[in-house]
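>
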Amino acid sequence: MKKIGLLHGELSKTLAELAHEDRILIGDAGMPVPKGVKMIDLAVVQGVPAFLDVLKAVMGEMLIAKGIIDLEQETVSPQMRQKVVETVGDAFPLEILPHAQVKELSRSVKAVIRTGEFTPYANIILEADCLF
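Quick note: the sequence shown uses this note's numbering, first residue 716, plus one each step.
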């Protein structure tokens, strides 16, 4: 039994299986999951788990080349945008795209991780980097 790091077996396994340039999406409770894309449903109730808590946990275990966030987050959920920027810091660059493009990209992710977050546009696509 693991005692540190990600304890959720399916999430841990998914991250361990990522290769260079593979992508995952961490999304709010309302982010649609495209047909054929694996969903790891962590949502329990509104706010649990929070989007930022899941992002921080994944950042602790995944080598990330870049993140992609929703353009609309800046005007609709500016406090979340600020918290995402602070959480990411200089760990990896953030690309900002319209929500429609984020949804289109979500069709090719390895998994969508659904959180209990109810803040609109609390979504991020993370692209895996390589060690060499």
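Even for Gly, the Cβ is constructed at its ideal location relative to N, Cα and C.
Since this is a predicted model, take the numbers as computed values, not measurements.
If you check the beta carbons only, do D785 and V763 fall under 7 Å apart?
Residue mapping note: residue 785 aligns to position 70 of the sequence shown, counting from 1. Residue mapping note: residue 763 aligns to position 48 of the sequence shown, counting from 1. Taking 7 Å as the Cβ cut-off, D785 and V763 do not qualify as a contacting pair.
> Mind checking Q794: buried by the 16 CB within 10 Å criterion, or exposed?
Position 79 of the sequence shown, counted from the start, is the residue given in the question as residue 794. By the neighbour-count rule (16 or more Cβ atoms within 10 Å), Q794 is not buried but exposed.
> Measure the C-alpha to C-alpha separation of Q797 and K750 and round it to an integer number of angstroms.
Taking the first residue of the sequence shown as 1, we reach residue 797 at position 82. Taking the first residue of the sequence shown as 1, we reach residue 750 at position 35. Cα-Cα distance, rounded: 31 Å.
> Less than 7 Å between the C-beta atoms of V918 and M754, yes or no?
This structure does not reach residue 918, given that the chain is present from 716 up to 847, and the question cannot be answered.
> Looking at V824 and R738, is the spacing between their C-beta atoms short of 7 Å?
Numbered from its first residue, the sequence shown carries residue 738 at position 23. Numbered from its first residue, the sequence shown carries residue 824 at position 109. For R738 and V824, yes; Cβs fall inside 7 Å.
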